[in-house]
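Peer 1: Dumping the structure here so I can ask a few things about it.
2 protein chains.
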Amino acid sequence: MEKKRIVGLMTGTSLDAIDIAICDFYNNNNKFQFNLLNYKEYKFSSDYKTFINKIINEKSFIKDISQLNFYLSELFCDCILDLCENSNLNLNSIDAISIHGQTIWHNPSKENFLDKQISSTLQIASISAISSKLSKKVIGDFRSADIMLGGEGAPLIPIFDYYFLWSNTENIISLNIGGISNITYLPKNCNKNEIIAFDCGPGNILIDSYIQEFTDFSFDKDGSLAIKGKIIDSLLKELKNINFIYKSPPKSTGRELFNLKLIKNLIGNNNYYLEDVIATLTDFTAFSISYNIKKFADENSNIIVSGGGRKNQSILKRIKYYLPNSCILLIDELGINGDAKEAIFIAFLGYLNLLKIPGNISQVTGALKEIVLGISADNL
Amino acid sequence: MEKKRIVGLMTGTSLDAIDIAICDFYNNNNKFQFNLLNYKEYKFSSDYKTFINKIINEKSFIKDISQLNFYLSELFCDCILDLCENSNLNLNSIDAISIHGQTIWHNPSKENFLDKQISSTLQIASISAISSKLSKKVIGDFRSADIMLGGEGAPLIPIFDYYFLWSNTENIISLNIGGISNITYLPKNCNKNEIIAFDCGPGNILIDSYIQEFTDFSFDKDGSLAIKGKIIDSLLKELKNINFIYKSPPKSTGRELFNLKLIKNLIGNNNYYLEDVIATLTDFTAFSISYNIKKFADENSNIIVSGGGRKNQSILKRIKYYLPNSCILLIDELGINGDAKEAIFIAFLGYLNLLKIPGNISQVTGALKEIVLGISADNL
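Going down the list, the protein sequences come from chains D and H.
To convert, note that position 159 of the first sequence is 1559 in my numbering; the numbers rise steadily by one, no gaps.
To convert, note that position 98 of the second sequence is 1498 in my numbering; the numbers rise steadily by one, no gaps.
Set out below in structure tokens:
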């Protein structure tokens, strides 16, 4: 049972921070285990955030994109070296570095481009540059292959859920409450081709964007605002009219649909208390999740919650209200650090690449086939 | 002596075409040999050229760069499949595909970028996408590691010259006459750390750009215009004032210095015959090459000429005039297809990656160390 020590780096679409985890992975006949050795979040500077937001939203010279690609590679190297030092780990003990990279474009829908129909995804940070600087094997670019094979390039997390949360006695739902909420449904004793995974609707995004607009806070810590408010029935009713919630999977959504503008439109000229709006958005979020679990998965499941929203007691209470037969657990209770989950997951994708095991699940992403994800450099 | 069959794809800065070579490589104690099985040039459409010129010269949305990255990957796949069919070769017989990618940015000089000093290079076409589409190992991105290690990321061709043109009895100069002219000097029986390589000055670029401006031709076929003209002494004298020619290596140059504007400035209001200007530019080109060989290499060498300019008899005659003691050969005379050389070279870089042999030469590029170049995908 050979050990592989892998550093995983996640940089999400929130453009907030580089999340890094150092993990040891073990393989016992493709029963995988891991130990998290250390985890840390490195916040981006506001200059960096401004720059990358410009790259994503405005026209730029190719020079700026190329320079950013190498700049981010240097930042990644700095963070890796810092975390190793911080953990009293010698870089020599690391077998590979696995990076998601910063997504600057992702659109799985084919569009006309010159004489072809093209869909594409683009993550930056140079795998070769990091590898040459640290003299380490570096693995990354996990979404391109799935996109090229006609898939959505997402979600990829179900393979992690399958290997680490699967049970032969219980139906498992891995619920991630990030900006958007999504689930991986693992019927008890399921095969990989029985896995269902999709976006339910809003996670923290409606609550957070409303709070960020009207207070100095960035989110509803522990759900404490929601608990003080009363649900506004008319607003909840309008929210429940959003068609996406009731669509059959596969489905995915994002900021295009669930955003501040939506809430403002629905509220109109009404003068509601902040706490009441938050209580209502919280209830709607819990309703969307619960409806999708009941309708398209199974409410008699162990629901294992990850993502920042797992710390919002009010969301969890309302899910429990809507799904009285479910058993709700935080992923942390299973011994997996909930804050580190995504960085651990990226490390795991690197591990699967080393083992030449496919990382996508074809009925989940829609790709033509399951393949080993990622490219790698060994510039030693 | 295991055989590896590799497809090499070169797409140069002229944005003209995709050059593809299929080669078998053999390794006999790191004495390498190859057989070229087939070679073909696939011209880009004018729509493609217009688009990529915009990407390089103007601001663009990141979407366009991402889409172009996948579009070019699809084009590469089309060409590979076509050439295999054309050669009656089954894709199954190919061990790896090696791509240079289209350079859209390359600047080894460090510049301020946010809080760091950054230099970078960027080649497009997605290694992972091509690999997943063709179910083949794909290798590429050969310049990033050298740049990250403080090198110029160029020239890389000297490693090819070293393994295939080296002699224990003769001084060898591999002279490439592309847009720019450059040489690799291999003193007889030299070690890798004795190799000298640098840009001499203009190759075809002055001749071609003048012809393209004033005729319907794109180059001086066989040097037939030059042969009809007389050298304009005053113009030649002014050209010879260009300081770059006399600089000590390492040195590199490009379109920034040698271009149509330079010629127009020097000609001013003079009303010269086309043939005379071409004869003069041709002589200056041969002079620049010869001066650099005499001064920084050795005129008593076998000069092996590659690049499109090897077909310009007038350039070669003038080099022979300036270097009477040299022996000038076309690379084709050594059994290497001169048109295919760059694509073969890219295939060879892929081969070196497979063998984990460094591809850069540190005193040539200026990199901190010699390393295996390239990243690879095995999305099978």
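Heads up, the beta-carbon is just placed ideally off N, CA and C, and yes, glycines get one too.
Under the DSSP definition of a beta bridge, which residues are partnered with residue 1404(H)?
Peer 2: Along the second sequence, one-based indexing puts residue 1404(H) at 4. 1425(H).
Peer 1: Can you pull out the residues from the region 1524-1535 of chain D whose beta carbon lies closer than 9 Å to at least one beta carbon of chain H?
Peer 2: Per Cβ criterion, the list reads 1526, 1527, 1528, 1529, 1530, 1531, 1532, 1533 and 1535.
Peer 1: How about residue 1575(H) and residue 1704(H): do their beta carbons lie closer than 8 Å?
Peer 2: Here residue 1575(H) refers to the residue found at position 175 when the second sequence is read from its first residue. Here residue 1704(H) refers to the residue found at position 304 when the second sequence is read from its first residue. Taking 8 Å as the Cβ cut-off, residue 1575(H) and residue 1704(H) qualify as a contacting pair.
Peer 1: Tell me whether the beta-carbon of residue 1527(H) lies closer than 8 Å to the beta-carbon of residue 1777(H).
Peer 2: Start at 1 with the first residue of the second sequence, and residue 1527(H) comes out as number 127. Start at 1 with the first residue of the second sequence, and residue 1777(H) comes out as number 377. Their beta carbons are under 8 Å apart, which means residue 1527(H) touches residue 1777(H) by this criterion.
Peer 1: Here's a check: name, in chain order, each residue in its chain whose Cβ is nearer than 8 Å to the Cβ of residue 1688(D), leaving out the five neighbours to either side.
Peer 2: The residue given as residue 1688(D) occupies position 288 in the first sequence. Same-chain partners within the cutoff: 1581, 1600, 1601, 1602 and 1645.
Peer 1: Does any residue of chain D have a CB that is nearer than 8 Å to the CB of residue 1559(H)?
Peer 2: Residue mapping note: residue 1559(H) aligns to position 159 of the second sequence, counting from 1. So no, residue 1559(H) is outside the interface.
Peer 1: Measuring straight from C-alpha to C-alpha, what distance separates residue 1525(D) and residue 1471(H)?
Peer 2: Here residue 1525(D) refers to the residue found at position 125 of the first sequence. Here residue 1471(H) refers to the residue found at position 71 of the second sequence. Cα-Cα distance, rounded: 21 Å.
Peer 1: Cβ closer than 7 Å: which chain D residues qualify as neighbours of residue 1597(H)?
Peer 2: Counted from its first residue, the second sequence places residue 1597(H) at position 197. In chain order: nothing, as chain D lies at least about 20 Å away.
Peer 1: Cβ atoms of residue 1494(D) and residue 1540(D): under 8 Å apart, would you say?
Peer 2: Indexing the first sequence from 1 puts residue 1540(D) at position 140. Indexing the first sequence from 1 puts residue 1494(D) at position 94. Contact: no.
Peer 1: Determine the DSSP secondary structure at residue 1461(D), reduced to helix, strand or coil.
Peer 2: For the purposes of this step, residue 1461(D) is identified with residue 61 of the first sequence, where counting begins at 1. If DSSP states are grouped into helix, strand and coil, residue 1461(D) belongs with coil.
Peer 1: Three-state secondary structure (DSSP) at residue 1527(D)?
Peer 2: By one-based count along the first sequence, residue 1527(D) stands at place 127. In the structure shown, residue 1527(D) sits in a helix (DSSP, three-state: H, G or I).
Peer 1: When the cut-off is 8 Å and only beta carbons count, does residue 1410(D) lie next to chain H?
Peer 2: Residue mapping note: residue 1410(D) aligns to position 10 of the first sequence, counting from 1. Not closer than 8 Å to any Cβ of chain H, the Cβ of residue 1410(D) fails to qualify, so no.
Peer 1: Counting only the same chain and skipping the five closest in sequence on each side, list residues whose C-beta sits under 6 Å from that of residue 1563(D).
Peer 2: Looking up residue 1563(D) in the first sequence gives position 163. Taken in chain order, the residues that qualify are 1432.
Peer 1: Can you name the residues of chain H whose CB is closer than 7 Å to the CB of residue 1443(D)?
Peer 2: The sequence position of residue 1443(D) within the first sequence is 43, counting from 1. Per Cβ cutoff of 7 Å: no residues; residue 1443(D) is ~14 Å from chain H at best.
Peer 1: Any contact between the region 1718-1730 of chain H and the region 1743-1761 of chain H? By contact I mean 3 or more CB pairs, one from each, below 8 Å.
Peer 2: Contact fails: fewer than three Cβ-Cβ distances are below 8 Å.
Peer 1: Where residue 1679(H) and residue 1626(H) are concerned, what is the direct C-alpha to C-alpha distance, given to the nearest angstrom?
Peer 2: The count along the second sequence starts at 1 and reaches residue 1679(H) at position 279. The count along the second sequence starts at 1 and reaches residue 1626(H) at position 226. Approximately 4 Å, taken between the alpha carbons.
Peer 1: Using the DSSP secondary-structure output, state which residues sit across from residue 1520(H) in a beta bridge.
Peer 2: Locating residue 1520(H) in the second sequence gives position 120, where the first residue counts as 1. For residue 1520(H), which the question treats as bridged, DSSP gives the partners 1507(H).
Peer 1: Okay, do the region 1555-1570 of chain D and the region 1435-1453 of chain H touch, 3+ Cβ pairs below 8 Å being the bar?
Peer 2: Judged by Cβ distances under 8 Å, the region 1555-1570 of chain D makes no contact with the region 1435-1453 of chain H, as fewer than three pairs qualify.
Peer 1: Looking only at its chain, what residues have a beta carbon closer than 8 Å to the beta carbon of residue 1402(D), apart from the 5 residues adjacent to it on each side?
Peer 2: Position 2 of the first sequence, counted from the start, is the residue given in the question as residue 1402(D). Answer for residue 1402(D): 1426 and 1427, listed in chain order.
Peer 1: Between residue 1491(D) and residue 1732(H), what straight-line distance do the alpha-carbon atoms span, to the nearest angstrom?
Peer 2: Against the first sequence, residue 1491(D) aligns to sequence position 91. Against the second sequence, residue 1732(H) aligns to sequence position 332. Approximately 48 Å between the Cα atoms of the pair.
Peer 1: Residue 1771(D) and residue 1597(D) look like a contact to me (Cβ under 8 Å); what is the Cβ gap, rounded to whole Å?
Peer 2: Counting from one through the first sequence, the residue named residue 1771(D) turns up at place 371. Counting from one through the first sequence, the residue named residue 1597(D) turns up at place 197. Their Cβ separation, rounded to whole angstroms, is 18 Å, which puts residue 1771(D) and residue 1597(D) out of contact at 8 Å.
Peer 1: Can you tell me whether DSSP reads residue 1488(H) as helix, strand or coil?
Peer 2: Locating residue 1488(H) in the second sequence gives position 88, where the first residue counts as 1. Looking at residue 1488(H) - three-state DSSP - the assignment turns out to be coil, as it is neither helix nor strand.
Peer 1: Return the residues of the region 1607-1620 of chain H that lie within a Cβ-Cβ distance of less than 7 Å from chain D, sorted by chain order.
Peer 2: So nothing in the stretch comes that close.
Peer 1: Exposed or buried, what is residue 1673(D) when buried is set at 16 or more other beta-carbons lying within 10 Å of its beta-carbon?
Peer 2: Here the question's residue 1673(D) lines up with position 273 in the first sequence. By the 10 Å Cβ count, residue 1673(D) comes out exposed.
Peer 1: Where does the unbroken beta strand (DSSP E) through residue 1668(H) begin, and where does it stop?
Peer 2: Against the second sequence, residue 1668(H) aligns to sequence position 268. Neither: residue 1668(H) is in no beta strand (DSSP E) and is coded neither H nor E.
Peer 1: Pick helix, strand or coil for residue 1353(D), following the three-state DSSP scheme.
Peer 2: Summary: the structure shown does not reach residue 1353(D), with chain D confined to residues 1401 through 1780, and so no result is reported for it.
Peer 1: Determine, using beta-carbon pairs with one atom in the region 1579-1595 of chain D and one in the region 1546-1553 of chain D, whether at least three such pairs fall under 8 Å.
Peer 2: Cβ pair count under 8 Å is below three, so no.
Peer 1: Would you list, in sequence order, the uninterrupted alpha helix (DSSP H) runs of no fewer than 4 residues that lie entirely inside the region 1705-1779 of chain H?
Peer 2: 1713-1722, 1741-1755 and 1762-1765, all fully within the region 1705-1779 of chain H.
Peer 1: Could you please tell me which residues of the region 1539-1568 of chain D, in chain order, have their CB closer than 8 Å to any CB of chain H?
Peer 2: Hits within the stretch, in order: 1541, 1544, 1545, 1546, 1547, 1548 and 1549.
Peer 1: Along the chain, where does the alpha helix (DSSP H) that runs through residue 1698(H) open and close?
Peer 2: In the second sequence, residue 1698(H) corresponds to position 298, counting from 1. Residue 1698(H) -> no alpha helix (DSSP H), and no H or E assigned at all.
Peer 1: How close, in whole Å, do the beta carbons of residue 1595(H) and residue 1764(H) come, if the pair is a contact with beta carbons under 8 Å?
Peer 2: Start at 1 with the first residue of the second sequence, and residue 1595(H) comes out as number 195. Start at 1 with the first residue of the second sequence, and residue 1764(H) comes out as number 364. Going by Cβ atoms, the distance from residue 1595(H) to residue 1764(H) rounds to 6 Å, so yes, they are a contact pair.
Peer 1: So who's on the other strand from residue 1498(D), going by DSSP bridges?
Peer 2: Residue numbering aside, residue 1498(D) sits at position 98 when the first sequence is read from its first letter. Note: residue 1498(D) sits in a beta bridge opposite 1408(D) and 1539(D).
Peer 1: Where does residue 1575(H) sit, in a helix, a strand or coil, going by DSSP?
Peer 2: As a working note, residue 1575(H) is residue 175 in the second sequence. Correct three-state label for residue 1575(H): strand.
Peer 1: State yes or no: is the C-beta of residue 1723(D) within less than 8 Å of the C-beta of residue 1694(D)?
Peer 2: For the purposes of this step, residue 1723(D) is identified with residue 323 of the first sequence, where counting begins at 1. For the purposes of this step, residue 1694(D) is identified with residue 294 of the first sequence, where counting begins at 1. Cβ distance < 8 Å, so residue 1723(D) and residue 1694(D) count as in contact.
Peer 1: Listed in chain order, which residues of the region 1451-1467 of chain D have Cβ atoms closer than 7 Å to some Cβ of chain H?
Peer 2: Those residues of the region 1451-1467 of chain D that come within reach of chain H (Cβ to Cβ, closer than 7 Å) are 1451, 1455, 1456, 1459, 1460, 1461, 1462, 1463, 1465, 1466 and 1467.
Peer 1: Are residue 1702(H) and residue 1729(H) closer than 8 Å when you measure CB to CB?
Peer 2: As a working note, residue 1702(H) is residue 302 in the second sequence. As a working note, residue 1729(H) is residue 329 in the second sequence. Yes.
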